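Engineer:
What follows is the structure in structure tokens.
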């Protein structure tokens with residue numbers, strides 16, 4: 001028995017629940033979300049983003065991030081580059097080191113886009 005039939009309906013159109021979102025994401029919002037979700041589709045990148053966000057002063061050097069994630073500097077740099085390209089982090093060069101910070105409003109924008117679509 002289908003969910004609709006269990007709820008007393010006969011088919012798809014009779015489902016008792018409203019849609020999960022208020023409106024369909026516009027193409028631009030969908031692109032922004034897809035880029036962010038793609039970047040965050042890797043556990044290492046999620047961890048790096050949280051490490052940068054929690055780091056004292058709100059920014060971290062690649063050298064601060066290699067040990068906590070247990071990866072080589074080149075691998076960490078690659079992951080950070082993806083987060084920068086997705087607009088989640090910013091990068092500032094100081095001497096030979098790159099320093100990363102959470103992009104102002106990036107996480108709030110993602111949350112807002114999700115909330116605009118949610119019930």
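In UniProt numbering, the protein residues as written are 1 to 119.
From the three backbone atoms N, C-alpha and C, an ideal C-beta is built for every residue, glycine too.
Predicted model, so just to flag it, every value in this text is computed and none were measured.
Ends of the beta strand (DSSP E) at residue 60?
Structural biologist: Per DSSP, residue 60 belongs to the beta strand (DSSP E) from 59 to 61.
Engineer: Kindly indicate which three-state DSSP category residue 24 falls into: helix, strand or coil?
Structural biologist: Residue state, collapsed to three classes: coil.
Engineer: Evaluate contact between the region 25 to 34 and the region 43 to 54, counting only Cβ atoms and requiring at least three cross-stretch pairs below 8 Å.
Structural biologist: No, because fewer than three Cβ pairs between the region 25 to 34 and the region 43 to 54 fall closer than 8 Å, the two stretches do not touch.
Engineer: Measure the C-alpha to C-alpha separation of residue 70 and residue 52 and round it to an integer number of angstroms.
Structural biologist: Answer to the nearest angstrom: the Cα atoms are 15 Å apart.
Engineer: For the beta strand (DSSP E) holding residue 101, just list the boundary residues, first then last.
Structural biologist: Here the beta strand (DSSP E) through residue 101 covers 97 to 102.
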